[in-house]
Amino acid sequence: MDAFFASVELLRYPQLKGLPVVIGGGRRTVDEALLASHGERALRFIPVAEFPRLKDYVGRGVITTATYAARQFGIGSAMGMMKAARLCPQAIVLPVDFDEIRRFSRLFKSTIAEVAPLMQDRGIDEVYIDFTEVPGGQRDGGRALARLIQRAIFEKTGLTCSIGVAPNKLLAKMASEFDKPNGISIVHEADLQTLIWPLNVRKINGIGPKAGEKLARLNVQTIGELAALDRQFLISQFGKASGAWMIDAAWGRDDSPVVTESEPVSMSRETTFERDLHAARDKAELGAIFTRLCEQVAADLQRKGYVARTIGIKLRYDDFRIATRDQTAPAYTADAQAIRKMAGLCLKRVPLEQRLRLLGVRASALVKAGEEPIHEQKMPSAQSGRAQAAIETIANYPLFPSWS
DNA sequence: TCTGGGGTCCTAGGACCC
DNA sequence: TCTGGGGTCCTAGGACCC
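When you line the first sequence up against full-length UniProt numbering, it's residues 1 to 404, in that order.
This is the structure:
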């Protein structure tokens with residue numbers, strides 16, 4: 001989807017069309033009173049002058065999405081709000097409305113699934129589609145179906161998307177970047193050398209800042225240069241799995257299937273504080289946040305019908321270093337108090353002298369509620385001390401109090 | 001006044017088991 | 001005079017993606 005978060009807001013505020021708008025930030029920047037006085041229906045008539053500007057923004061957020069007009073100023077996703085404000089102080093800033101975003105996400109995905117049911121989720125605004133078997137899918141090299149999908153999505157949502165058509169997911173993803181917004185790009189196997197090899201290695205989905213930097217140090221900038229390297233050399237540099245994957249990617253080879261269903265691996269909640277907090281000096285505040293995170297994780301598990309056996313915490317210190325601790329229990333739970341106790345055990349094992357910027361709670365080793373393995377869980381005797389504490393913790397809490 | 005939140009996957013080491 | 005080999009599970013950290 002093109003500039004998804006921003007485009008959804010532009011549906012409500014069409015008067016902002018063509019203007020630099022950014023979505024993101026930690027606090028609500030649209031005045032609630034303004035919304036209340038104008039009412040949902042009249043939102044489109046709020047004068048542009050009344051919208052909050054980036055220069056007035058205070059907080060620790062990052063940009064989630066920038067409209068194409070805002071991108072002209074050098075603003076992009078994941079950029080800190082303060083930096084963006086320096087680049088374009090007059091840009092309008094709106095908060096993320098997650099409920100609305102999720103609603104549109106479901107809408108565009110269900111629209112696609114009606115046409116091409118073999119669809120894989122790739123986050124909130126992206127999917128892979130295997131339309132090998134869709135009637136008419138091969139017409140005009142796939143362009144006809146791509147047009148049909150674009151039209152259907154626009155009719156249902158009023159939003160545009162960009163589509164890449166290729167023999168596999170790797171190439172399709174790259175192709176989808178070629179003609180944005182509202183474009184269709186078709187890449188054949190034979191186009192590898194002309195269309196793919198001139199691109200920077202960072203355009204490969206899976207080569208991020210670190211691998212990109214390392215390749216640059218090896219004097220490799222383009223995908224073509226990467227393709228010219230020896231497989232064994234890449235394996236020696238990046239490890240067995242990554243090295244082999246990298247050379248295949250450079251040659252456009254990817255046989256991974258489009259996966260329509262998958263079970264979640266973990267569920268987590270985390271929050272960055274408005275100011276850095278200290279475990280001892282801000283104990284009450286931190287404790288309340290910690291408990292709330294546990295309650296949110298528990299609610300997420302229960303709402304989605306899962307139970308977890310491993311609970312973990314995540315800390316980000318004021319210097320941005322991250323620490324994580326995990327604890328596996330002998331039994332599964334989705335209970336807020338049990339999770340709170342487990343997370344508390346984790347907290348005891350992590351250094352707390354330094355001020356904290358972020359705290360998170362994570363549940364993993366998930367299974368569907370009611371489908372827990374029946375045989376007894378073997379405890380890792382390596383951490384028998386910890387494990388014992390976990391056993392006692394769990395024993396003190398009923399497994400599914402909210403359902404019983 | 002730098003730098004969100006929710007995920008997945010991989011690696012490497014230690015403990016333990018047979 | 002040296003001390004297996006394979007496998008699983010757990011943990012911590014890190015890269016990467018949307």
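Beta carbons are placed, not taken as given, at the ideal position from N, Cα and C, and that holds for glycine.
* Along the alpha helix (DSSP H) that carries R147, what are the first and last residues, could you check? => R143 to T157
* Asked: What's the call for V187, buried or exposed, on a 16-neighbour Cβ count within 10 Å?
  -> buried
* **Run of the alpha helix (DSSP H) containing S162, from where it starts to where it stops** => Note, S162: premise wrong, no alpha helix (DSSP H); not H, not E.
* To do: Take R53 as the anchor and find which of L19, F320 and G74 has the nearest alpha-carbon.
  => L19
* Hey, how far is the Cα of A338 from the Cα of A365? -> 15 Å
* Asked: Over what stretch of residues does the beta strand (DSSP E) that includes T222 continue unbroken?
  -> Counting along the chain, T222 falls outside any beta strand (DSSP E), and DSSP gives it neither H nor E.
* To do: Pick out whichever of I153, G208 and A166 has its Cα sitting closest to the Cα of N182.
  => I153
* To do: List the endpoints of the continuous alpha helix (DSSP H) containing V115.
  => F98 to V115
* To do: May I ask which residues mark the beginning and end of the alpha helix (DSSP H) holding K17?
  => No alpha helix (DSSP H) holds K17; DSSP gives it neither H nor E.
* Pick out the complete beta strand (DSSP E) segments inside the stretch 170-242, 3 residues or longer, and give them in chain order. => 184-186
* **Backbone secondary structure at A331 - three-state DSSP** => strand
* Asked: What distance in whole Å lies between the Cβ atoms of G80 and Y57, which are believed to be in contact at a cut-off of 8 Å?
  -> With 8 Å as the limit, Y57 and G80 do not qualify as a contact, their Cβ atoms being about 11 Å apart.
* Asked: For Q120, which beta-bridge partners are listed by DSSP?
  -> Y128
* Give, in chain order, every unbroken run of the beta strand (DSSP E) that is at least 3 residues long and sits entirely within the stretch 291-372. => 306-317, 322-333 and 356-368
* First and last residue of the beta strand (DSSP E) that includes V93? -> I92 to L94
* To do: Please say whether A66 and G59 have beta carbons closer to each other than 8 Å?
  => no
* **Same chain, Cβ closer than 6 Å to A166, neighbours up to 5 away in sequence not counted** => A172, A175 and V187
* Measure the C-alpha to C-alpha separation of R102 and I124 and round it to an integer number of angstroms. => 7 Å
* **Boundaries (first-last residue) of the alpha helix (DSSP H) holding L3** => The residue asked about is misnamed: residue 3 is Ala in this sequence, not Leu. From DSSP, A3 is part of no alpha helix (DSSP H); its letter is neither H nor E.
* **Pairwise C-alpha distance: V134 and I92** => 42 Å
* **R275, enclosing beta strand (DSSP E) - first and last residue** => S266 to L277
* Asked: Is any heavy atom in the ligand HEM found nearer than 7 Å to the beta carbon of P135?
  -> Absence of the ligand HEM from the depicted structure is noted, as is the absence of any ligand whatsoever, leaving it without description.
* Return the residue from the list C346, E263, W245 and V21 that minimises the CA-CA distance to D255. => W245
* **Bridge partner(s) assigned by DSSP for G287** => DSSP lists no partner for G287.
* Taking the alpha carbon of L87 as the point to measure from, which residue in V96, L94, D99 and G74 has its own alpha carbon closest? -> G74
* C346 beta carbon less than 8 Å from that of D326 -> yes
* For K130, which of V259, E295 and H38 has the nearest alpha-carbon? -> It is worth fixing the name first, because residue 130 is Asp in this sequence and not Lys. It is V259 whose Cα lies nearest to the Cα of D130.
* Asked: For E353, which option in T271, A280 and A334 has the closest C-alpha, if you only look at C-alpha atoms?
  -> A280
* Asked: In its own chain, which residues sit with a C-beta less than 8 Å from the C-beta of F238, not counting the 5 before and 5 after it?
  -> A211, K214 and M246
* **Residues bridged to T64 (per DSSP)** => Partner(s): none; T64 has no beta bridge.
* Between the stretch 216-234 and the stretch 193-206, are three or more C-beta pairs nearer than 8 Å? -> yes
* To do: With distances taken Cα to Cα, identify the nearest neighbour of A363 among K314, P330, E155 and T310.
  => T310
* How big is the Cα-Cα spacing for T29 and T157? -> Confidence is the limiting factor: at T29 the pLDDT is only 47, short of 50, which leaves the residue's position unreliable, though a coordinate-based value still follows. If you take the alpha carbons of T29 and T157, they lie about 25 Å apart.
* To the nearest whole angstrom, what separates the beta carbons of L145 and R139, a pair I think is in contact under 8 Å? -> 7 Å
* Go through its chain and collect everything with a Cβ distance to Q296's Cβ below 6 Å, but skip five positions before and after it. => R269
* Asked: Cβ of Y306 within 8 Å of Cβ of P257?
  -> no
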